[in-house]
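Residue numbers (my numbering): 97 to 155.
Note sheet for the following structure.
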């Protein structure tokens with residue numbers, strides 16, 4: 097983590113984020129592209145603004 101963390105500023109904004117936004121957690125209508133819901137919120141919380149980017153890039 098420290099290797100990646102050193103690439104980002106200590107002044108990053110804090111944002112509320114899902115932390116596990118994967119296709120398996122997005123419910124889409126069968127008849128359109130409308131997003132009906134997002135599930136699996138147990139790890140959500142307040143994280144630095146770069147958190148979703150890092151998690152997606154290194155997962």
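Beta carbons: idealized from backbone N, C-alpha and C, even for Gly.
Cβ distance (whole Å) where residue i is taken to contact residue j below 8 Å
i	j	result
residue 115	residue 145	13 Å between Cβ atoms; not a contact.
Nearest to residue i (by Cα), restricted to the options the options
i	options	result
residue 109	153, 118, 152 and 148	148
residue 63	129, 107, 134 and 106	This structure cannot settle anything about residue 63, because the visible part of the chain is limited to 97 through 155.
residue 152	132, 106 and 113	113
Residue i (DSSP reduced to helix, strand or coil)
i	result
residue 143	strand
residue 113	strand
Cross-strand partners of residue i (DSSP beta bridge)
i	result
residue 122	134
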